[in-house]
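To keep things clear, I will list the structure first and then write my remarks on it.
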Amino acid sequence: MLKDGFHVSLDRFSSWVPEEDCCKWKGVGCNNETGHVITLDLHSPDPSELLQGELRDSLVHLPYLSYLDLSLNDFCQTQIPEFIGSLSNLKYLNLPRANFRGNIPCHLGNLSSLQTLDLSNNQFSLGLAALTGVRTQSMVPSLVELRLFSCQLHNLPQSLPSLNFSCLEVLDLSYNGFYHSLIPNWLVEVSHTLRVLNFRTCWLQHSIAHAIVNFTSLAVLDLSYNSLTGSFPQYFGNLTSLYVLDFSHNNLMDSIPHDFGNMTSLVVLDLSFNDLEGPLPATLGHHFKHSPLRELYLSDNFLTQLSLEKILPQLSELVVLDVAGNYLNGVITEAHLQNFTRLKLVWRDTSILAELHKFGCPGSWEKCTIWEHTDMAGGKFQESAGDFVASQCFGRKYTSAALPIETLKLPGLLFQFIIRTNSTLHT
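Under the numbering used here, the sequence shown has 431 at position 418, and the numbering climbs by one with no breaks.
Below, the structure is given as structure tokens:
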């Protein structure tokens, strides 16, 4: 029996009683008409309940199985069993964080009905190339989603002659070490179908970004935490279907291209922690006038001018604007921010606090919470001034300050802060 291969408390399989209908067992789902087992969900919802042991070949007696989830368990660094490749009706195979290692079995390529394959957070010595070991035609032709997040992969094979990724829409290869890999031919071939591409923390070089300008169907592109250098690829603004674009934590230089304004579907744009310089093109505000842009991260670059007085009134859906750690000049007044009903301000520079204290907190502010960021790595904050009411801690290791701004008049130093609103703007 399948459960006999695991070392686990009896509670986990307490409902698996031979005398009972297996369709009533926890984690088992059946077809209402035929009674065939089609779903087996044995993922561990809690670390104390994880399965530990080996996967028995009794699974092959479930020929109609279409959904198999074994994630968040401990298979003791064994290989993924080859017999899984015989489950010909399998559409969903979920094995992340299951402590598998070794080779990705080539027999997985025989799963002709497979639509979703997630092998993330395991330790594989061979990657996608292993799937070509079985020389059959049109392997995994129905695959829509492939996730190999943090699988200790070290190369991107340039060709996968036996694989058919013609339906692929989601590809997550993040947290692998591809280093000097070039964009592979098989990935170019799916550029017209791919909607989500995640290469976060893969040590990629700049040639990857240049090749991706032709992936015009992309909605989400994450190239953050890589080794991209030089200027932005030409014609990157042609990716007009993008709604999330993350280039943060690279070494990109020069200015932000004007054609970024063509990406009018963007919801999140993150260019922080690069070496970008010059002004933010004022034309972006015009192009983004009717866009859904909600989060714009530009911190820790060498930007010198943002033209906020032109851009902010156009960003009617903006929730987060991060411009900290630049070399900005100019003056910000209440006129620039009059459409904001509530701001959350975060400082990382004590000189800004000094300027704020000079102006004081207007009496109309019922609450004034200001925090000085003193230890970015540890997420520690020091209360700094005013009649303080502690506010909630935000992500990205910042803390917030909630300030109604009806009478806000502050100098250009405030270009260094992060603007956060907890409601949309109204133009």
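C-beta: ideal position from N, C-alpha, C; glycine also. Predicted model, so just to flag it, every value in this text is computed and none were measured.
* Segment limits, alpha helix (DSSP H) that includes L55 -> Counting along the chain, L55 falls outside any alpha helix (DSSP H), and DSSP gives it neither H nor E.
* Asked: Buried or exposed: which applies to V332, given that a residue is buried once 16 or more other Cβ atoms fall within 10 Å of its Cβ?
  -> buried
* Please classify T382: is it buried, with 16 or more other beta-carbons within 10 angstroms of its beta-carbon, or exposed? => Its pLDDT being 35, under 50, T382 is placed unreliably in this model, and the value from its coordinates should be taken loosely. When all chains shown are included, T382 counts as buried.
* Where does E95 sit, in a helix, a strand or coil, going by DSSP? -> helix
* Cβ-based neighbour list, L62, same chain, cut-off 6 Å, excluding 5 preceding and 5 following -> Per the sequence shown, the amino acid found at residue 62 is Glu instead of Leu. Answer for E62: R25, listed in chain order.
* **Inter-residue Cα distance where the pair is Y238 and L284** => 11 Å
* Going by Cα to Cα distance, which pick from S163, M276, C164, N177 is closest to L124? -> N177
* To do: Determine the burial state of D34: buried for a count of at least 16 other Cβ atoms within 10 Å of its Cβ, exposed for fewer.
  => exposed
* Start and end of the beta strand (DSSP E) containing N211? -> In the DSSP annotation of this structure, the continuous segment of the beta strand (DSSP E) that includes N211 starts and ends at 209 to 211.
* Based on the DSSP output, what are the partners of G115 in its beta bridges? -> F137
* Where the beta strand (DSSP E) containing N198 begins and where it ends -> Membership of N198 in any beta strand (DSSP E) is not indicated; the residue belongs instead to the alpha helix (DSSP H) covering 198 to 201.
* Taking the CB atoms as reference points, tell me whether T229 and N211 lie closer together than 8 Å. => The answer is no: Cβ separation not under 8 Å.
* Check each candidate in P270, F273, L306 and name the one with the smallest Cα separation from L279. => The shortest C-alpha separation from L279 is found at L306.
* In the DSSP assignment, find the beta strand (DSSP E) that holds F315 and state where it starts and stops. => Boundaries of the beta strand (DSSP E) around F315: 315 to 318.
* Asked: Where does G338 fall in DSSP's three states?
  -> coil
* **Straight-line gap, R208 to L161 (C-alpha atoms, nearest Å)** => 16 Å
* **Proximity winner among H205, P31, L186, L195, relative to T214 (alpha-carbon distances)** => L186
* **DSSP bridge partner residues for D185 (one or two, in chain order)** => R160, N211
* By the 10 Å Cβ neighbour count, where 16 or more other Cβ atoms means buried, how is Q327 classified, buried or exposed? -> buried
* **Within 8 Å, strictly: CB atoms of C119 and P154** => No; because the gap between Cβ atoms is not below 8 Å, this pair is not in contact.
* Pull up the DSSP beta-bridge partners for C43, would you. => V50
* Asked: Can the beta-carbon of L241 be found less than 8 Å from the beta-carbon of L217?
  -> yes
* Within this structure, are the beta carbons of Q318 and L341 separated by less than 8 Å? -> Yes. Within cutoff.
* Asked: Span of the beta strand (DSSP E) holding V281?
  -> 281 to 283
* Exposed or buried, which one is V30 when buried takes at least 16 other CB atoms within 10 Å? -> V30 sits exposed, since fewer than 16 C-beta atoms from the chains shown fall within 10 Å of its C-beta.
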